[in-house]
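Protein chains in written order, with the working numbering: chain A, 4 to 113; chain B, 29 to 144.
Heads up: the structure comes next, in structure tokens.
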Amino acid sequence: RKEVEQDPGPFNVPEGATVAFNCTYSNSASQSFFWYRQDCRKEPKLLMSVYSSGNEDGRFTAQLNRASQYISLLIRDSKLSDSATYLCVVRRAGANNLFFGTGTRLTVIP
Amino acid sequence: NAGVTQTPKFQVLKTGQSMTLQCAQDMNHNSMYWYRQDPGMGLRLIYYSASEGTTDKGEVPNGYNVSRLNKREFSLRLESAAPSQTSVYFCASRGSTGIEGGYEQYFGPGTRLTVT
Numbered sequence: 004r005k006e007v008e009q010d011p012g013p014f015n016v017p018e019g020a021t022v023a024f025n026c027t028y029s030n031s032a033s034q035s036f037f038w039y040r041q042d043c044r045k046e047p048k049l050l051m052s053v054y055s056s057g058n059e060d061g062r063f064t065a066q067l068n069r070a071s072q073y074i075s076l077l078i079r080d081s082k083l084s085d086s087a088t089y090l091c092v093v094r095r096a097g098a099n100n101l102f103f104g105t106g107t108r109l110t111v112i113p
Numbered sequence: 029n030a031g032v033t034q035t036p037k038f039q040v041l042k043t044g045q046s047m048t049l050q051c052a053q054d055m056n057h058n059s060m061y062w063y064r065q066d067p068g069m070g071l072r073l074i075y076y077s078a079s080e081g082t083t084d085k086g087e088v089p090n091g092y093n094v095s096r097l098n099k100r101e102f103s104l105r106l107e108s109a110a111p112s113q114t115s116v117y118f119c120a121s122r123g124s125t126g127i128e129g130g131y132e133q134y135f136g137p138g139t140r141l142t143v144t
């Protein structure tokens with residue numbers, strides 16, 4: 004079973020729409036959680052960390068459900084510039100390295 | 029402050045040839061990583077170095093070697109390239125975000141390698 008699983012999409016949404024991505028992780032020892040964004044043919048960049056209480060950064064909201072081992076990302080009022088692949092990432096307790104999901108591709112349509 | 033730099037950006041090799049991918053960071057980070065990214069597979073860790081002088085295998089180390097030359101530089105070597113090593117290779121370093129004790133990995137721009 005993969006360490007991190009995501010729906011690969013693609014998600015095609017109109018500008019202004021709200022879209023949600025989900026991700027599950029298999030190892031209950033996972034301790035840190037992140038969403039990274041990757042533009043086409045570019046390197047991944049941190050979008051936001053995901054905290055147990057949930058957190059918001061402008062139009063982006065991340066939620067963590069440790070009991071279900073489930074992470075979500077909500078994007079409100081989608082912009083054309085949000086078009087990218089969103090990577091769900093986890094780190095196990097005490098580990099130095101990260102585990103990446105395969106990514107969910109989002110295209111925002113004018 | 030250039031962040032993480034990688035050379036070359038593109039490379040084509042014939043099966044059996046060798047090459048070294050170079051990576052350097054100027055953020056004074058201790059930990060550095062090499063990943064490969066293949067369609068439908070996500071990023072997979074090849075090797076990492078928690079600090080200068082140490083290296084450890086990741087998920088897919090076979091066919092690769094690494095050298096942590098100093099704190100700044102972490103190179104990845106393919107001794108005898110195979111078509112299965114056609115991929116995009118990313119180097120990363122790990123450092124503080126400066127926010128609430130958080131850490132993140134900062135990635136280089138990647139090397140696109142094709143082995144024919």
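C-beta atoms are modelled at their ideal positions from N, C-alpha and C, and glycine is treated no differently.
- Among the bridge pairs identified by DSSP, Asp-60(A) is matched with Phe-63(A).
- What Leu-73(B) touches in chain A, judged by beta-carbon distance under 7 Å, is Asn-100, going in chain order.
- Nearest Cα to Phe-135(B) within the set Thr-43(B), Leu-41(B), Gln-65(B): Gln-65(B).
- The three-state reading of DSSP puts Pro-47(A) in strand, counting E and B together.
- Counting along the chain, the unbroken beta strand (DSSP E) around Gly-123(B) starts and ends at 115-124.
- Listed by position along chain B, the residues whose Cβ is nearer than 7 Å to that of Leu-49(A) are Glu-132.
- Rounded to the nearest whole angstrom, the CA to CA distance from Thr-43(B) to Asn-90(B) is 16 Å.
- For Tyr-76(B), the nearest beta carbon of chain A is closer than 7 Å to its own beta carbon.
- Shown here, Leu-73(B) sits in a strand according to DSSP, grouped into three states.
- The straight-line gap separating the alpha-carbon atoms of Pro-36(B) and Tyr-61(B) is approximately 17 Å.
- Contact annotation for Phe-38(B) against chain A: no contact, minimum CB-CB distance about 11 Å [criterion: below 9 Å].
- Nearest Cα to Thr-142(B) within the set Gln-45(B), Tyr-131(B), Gly-70(B): Gln-45(B).
- Looking at the DSSP output, Gln-133(B) bridges to Arg-122(B).
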